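Engineer: I'd like to ask you about the structure that follows.
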Amino acid sequence: HGAPPRHIASLRHSGLNMLSDQRSKEAQLPKLPMHVIIVGAGPAGLLCAINLLSRNVAGAVPRYTVELIDGGQDYGSLDEGGLQLRRSWMIGLAWPGLRAIRRVPGLYQDYVSKVGVRIKKTALYIGSKKLMQASGEVTSDSEKFLVDRNFIVHSLARFLEERFVRSTGSPPAASRPEKLTLRYGTKIQFVDPDARRVYARGPSGEEQYLPYDLLVGADGVRSVVRAAFVATHRDFNCAVEDIFERFKAVLISLPEGVEDECMHVFPSCMKGMNGIGLVATGGRINISIGHRCHAPCEEELQSDEPAVVAAYLKKHFKAIPLPYEEVAAKWVSQPWSSTTMCRCNFYHSMKLSAVLLGDAAHATSPSIGMGMNHALGDAAVLDELLQKHDDHLPAVLPAYSAARVKEGNALTDVADLIQSYDGGQAMWMTLRQMARIFAHSMLPRLIAPEPYLAIANGTTLSTAYAELERMGRIENIRRVNAAIKQRHYAQMSGLIPPPLAPCVKRLRFVLAAIAVALMAVGYVLVTSSSATASPLPPPSPPSPSPRFRFKYNF
Ligand SMILES: Cc1cc2nc3c(=O)[nH]c(=O)nc-3n(C[C@H](O)[C@H](O)[C@H](O)COP(=O)(O)OP(=O)(O)OC[C@H]3O[C@@H](n4cnc5c(N)ncnc54)[C@H](O)[C@@H]3O)c2cc1C
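When the letters of the sequence shown are read in order and numbered with full-length UniProt numbering, they come out as residues 1 to 554.
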């Protein structure tokens, strides 16, 4: 695809500056054996811990000792009921996440595959019309797997504990118990960059400094480790933003006639609302529906009354049959959810001897369902680089940023800019997408696939980003969305007047139309009366022939 997109090129450039700034720190980076503190036992932190401990050779001096610290509970110790009690959402895993998991022998087969469902089809609903898309032959590029977030964390945590903590009597587990320390219920307050240690508050309020050789920030979107990057590096460019969307999600039994092994997509399913239905284990489906911040949904959906919500859903949600009362009861019992997205220009620090993984580096909108895929991908790439560079951190850390920053920023941008906030532009972009999908199906050798479909089928996000930018879609949508967002926040803060109510807008339109009509009538009356009052001007001399005029002008 030729030259990299402009902002990726500038990221590389700032990355290079940063590398030269940090070169003096290289000499101070620790060597094996290393004590690694991983902050965050989400998917990224857990897979990173598994990968690091897998690098130890049984019977030899361990290369890595790992201290995994999380402010929450150990999900590995919870049963199904306990996992369901905690806030969660459905995750669509595609090739980046599944490949990262499959690199670890036994992890997918014996653990992860047991807690999710494989899907083979996608159903797109336009009103009550359903368009099916079968995946065809499933390859390692096109496979898709749906799993509850808490359940995948549970299976990764169990794998970690059973392989590296609990002695099962099998030789590898028995020889490794001391190399992993788990600290749940412990929150990191800050990083002390000068002494390479973190300040932790434990479950009963006890506080202590914990030293490290390598620090892995896998602590999610509000990362404390990332805050240390901000405090340490003047050239660290980090933007944290609201995804500008509010949504609610309900988990219900799969309604009769609705297909399992299928992802259900509900674009414009109600006024201003988009939705998605992800099937879960146990014959259930998680339906998530949301709206953009500047275009609030209709009042009925904001009501606290289940009966009002149920009646509205019954009337307007046509895609699939729903148990309206049950959905409405779950709908009103929860607040509107939102998440945050973030972009950074590098993911490693020589001075801190630290790396950022997952949402700490590139939290994003769930619109394309790729956040966890790339969080797991980060852990896999870090492991590959440790292998490639013989655990030599001065080579591994910059190589990690070079490999992952472009993917992380492409992830955040592609997910954020998938749809225009402006109705007209959104419609135009959808038409372009459909034309491209049709043209590709007719001339697959000549026309490249739609980039948004390609990312779920083996294309990297940076490649899809480059193609979207080449087509002008990134730039156009970014401009329109940024203006709408800015206007919304200016209105919310009282900087400019609030938006007019729809009825006032309509009245203004009608008045403007009447004014234009009156002006047109007035103009006709004036010109016709002046035509009768004054004589015609004397005839002008004949104009030159076209041939002559051409020569003259030339
Ligand atoms: C509604 C929704 C739908 C989504 N759908 C998809 C999807 O379909 N596909 C997909 O790939 N992704 C999806 N995602 C994104 C996905 O959930 C995240 O990208 C993924 O969970 C990130 O994993 P992580 O390990 O980086 O961070 P997290 O899962 O956020 O884990 C961070 C961990 O760090 C701990 N922590 C935080 N701060 C501290 C601290 N100071 N001290 C100690 N511990 C700390 C937290 O307790 C937590 O356990 C979705 C997200 C949402 C919100």
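Yeah, the Cβ is synthetic: ideal placement off N, Cα and C, and Gly gets one too. Since this is a predicted model, take the numbers as computed values, not measurements.
#1: What is the DSSP secondary structure of residue 56, counted as helix, strand or coil?
#2: Taking Cβ to Cβ, would you say residue 468 is nearer than 7 Å to residue 444?
#3: Tell me, which residues are paired with residue 133 by DSSP?
#4: For my contact list, residue 491 and residue 499 are in at a C-beta cut-off of 8 Å; report their separation, rounded to the angstrom.
#5: Tell me which residues share the same chain as residue 172 and place their Cβ nearer than 6 Å to its Cβ, disregarding the 5 neighbours each side in the sequence.
#6: By Cβ distance, which residues of its chain are closer than 8 Å to residue 183, with the 5 residues on each side in sequence left out?
#7: Just to confirm, are residue 157 and residue 378 a CB contact at a threshold of 7 Å?
#8: Is the number of C-beta pairs between the segment 347-354 and the segment 394-404 that are closer than 8 Å three or more?
#9: Start and end of the beta strand (DSSP E) containing residue 250?
#10: Do residue 101 and residue 108 have their beta-carbon atoms positioned less than 7 Å apart in this structure?
#11: With burial defined as no fewer than 16 other Cβ atoms inside 10 Å of the residue's Cβ, what is the status of residue 442: buried or exposed?
#12: Is residue 464 near ligand 1 - that is, is its Cβ less than 6 Å away from at least one heavy atom of it?
#13: Going straight from the alpha carbon of residue 280 to that of residue 419, what length do you get?
#14: Please state whether DSSP places residue 392 in a helix, a strand or coil.
#15: Is residue 42 near ligand 1, in the sense that its beta carbon is under 6 Å from a heavy atom of that ligand?
#16: Quick check: residue 30 and residue 62, are their CB atoms within less than 7 Å of each other?
#17: Out of curiosity, what's the CA-to-CA distance linking residue 316 and residue 92?
#18: Please look up how many angstroms separate the CB atoms of residue 217 and residue 402, rounded, as I've assumed it's under 8 Å.
#19: May I have the straight-line CA-CA distance separating residue 14 from residue 400, to the nearest angstrom?
#20: Would the beta-carbon of residue 222 fall within 7 Å of that of residue 421?
#21: Determine whether the beta carbon atoms of residue 343 and residue 410 lie at a separation below 7 Å.
#22: Is residue 220 close to ligand 1? I mean its beta-carbon at under 6 Å from any heavy atom of the ligand.
#23: For residue 478, collect the residues of the same chain with a Cβ closer than 7 Å to its Cβ; drop the 5 residues on either side in sequence, then sort them by chain order.
#24: Beta carbon of residue 276: closer than 6 Å to some heavy atom of ligand 1?
#25: Which of the three DSSP states is assigned to residue 150 in this structure?
#26: Per DSSP, residue 355 is paired with what?
#27: When you measure from the CB of residue 428 to every non-hydrogen atom of ligand 1, does any distance come out below 6 Å?
#28: Measure the alpha-carbon distance for residue 390 versus residue 323 and round it to whole angstroms.
#29: Just to check, is the beta-carbon of residue 290 closer than 6 Å to a non-hydrogen atom of ligand 1?
#30: Do you know whose CA, among 233, 94, 231 and 196, lies nearest residue 215's CA?
#31: Quick one: does the C-beta of residue 265 sit closer than 6 Å to a heavy atom of ligand 1?
#32: Mind checking whether the beta-carbon of residue 69 lies closer than 6 Å to any heavy atom of ligand 1?
#33: In this structure, does DSSP put residue 313 in helix, strand or coil?
#34: Out of 104, 137, 117 and 149, state which residue places its alpha-carbon closest to the alpha-carbon of residue 41.
#35: To the nearest whole angstrom, what separates the beta carbons of residue 89 and residue 249, a pair I think is in contact under 8 Å?
#36: Hey, would you say the C-beta of residue 270 is under 6 Å away from at least one heavy atom of ligand 1?
Structural biologist: According to the structure data:
#1: Coil at residue 56, not helix or strand.
#2: In this structure, residue 444 does not lie closer than 7 Å to residue 468 by Cβ.
#3: Bridge partners of residue 133: 122.
#4: The beta-carbon separation of residue 491 and residue 499, rounded to 6 Å, stays under the 8 Å limit for a contact.
#5: Interpretation of residue 172 is limited by its pLDDT of 44, a score under 50 that renders its predicted location unreliable; the figure taken from the coordinates is listed afterwards. Counting only Cβ-Cβ distances below 6 Å, and skipping sequence neighbours, we find 58.
#6: The answer, listed in chain order, is 67, 68, 69, 70, 200 and 202.
#7: No; because the gap between Cβ atoms is not below 7 Å, this pair is not in contact.
#8: When C-beta atoms of the segment 347-354 are compared with those of the segment 394-404, three or more pairs fall below 8 Å, so the two segments count as touching.
#9: Residues 245-253.
#10: Cβ distance < 7 Å, so residue 108 and residue 101 count as in contact.
#11: Residue 442 comes out exposed.
#12: Relative to ligand 1, even the nearest heavy atom lies 6 Å or more away from the CB of residue 464.
#13: Here the alpha carbon of residue 280 sits roughly 26 Å from the alpha carbon of residue 419.
#14: Residue 392 falls in the coil class under three-state DSSP.
#15: Yes.
#16: Against a cut-off of 7 Å, the Cβ pair of residue 62 and residue 30 comes out as no contact.
#17: Residue 316 and residue 92 have their C-alpha atoms some 27 Å from each other.
#18: Not quite, the Cβ-Cβ distance comes to about 18 Å (not below 8 Å), so this is no contact.
#19: Note that residue 14 scores a pLDDT of 48, beneath 50, so its modelled location is shaky; the value from the coordinates is reported in the next line. So the alpha carbons of these two residues sit roughly 15 Å apart.
#20: No, they are not a contact pair.
#21: Against a cut-off of 7 Å, the Cβ pair of residue 410 and residue 343 comes out as no contact.
#22: Checking every heavy atom of ligand 1 against the Cβ of residue 220, one is found closer than 6 Å.
#23: For residue 478, where only same-chain residues beyond five positions count, the Cβ hits under 7 Å are 417.
#24: No - ligand 1 has no heavy atom lying nearer than 6 Å to the Cβ of residue 276.
#25: Looking at residue 150 - three-state DSSP - the assignment turns out to be helix.
#26: Answer by DSSP bridge pairing, in chain order: 216 and 348.
#27: Distance from the C-beta of residue 428 to the nearest heavy atom of ligand 1 is not below 6 Å.
#28: For residue 390 and residue 323, the distance between alpha carbons rounds to 57 Å.
#29: Short note on residue 290: C-beta not closer than 6 Å to any heavy atom of ligand 1.
#30: Ranked by how close their Cα comes to the Cα of residue 215, the residues 233, 94, 231 and 196 have 196 in first place.
#31: The answer is no for residue 265.
#32: In this structure, the C-beta of residue 69 approaches ligand 1 to less than 6 Å from one of its heavy atoms.
#33: Looking at residue 313 - three-state DSSP - the assignment turns out to be helix.
#34: Answer by Cα proximity: 149.
#35: Correct: roughly 6 Å between the Cβ atoms.
#36: Because no heavy atom of ligand 1 lies under 6 Å away, the Cβ of residue 270 does not count as near it: no.
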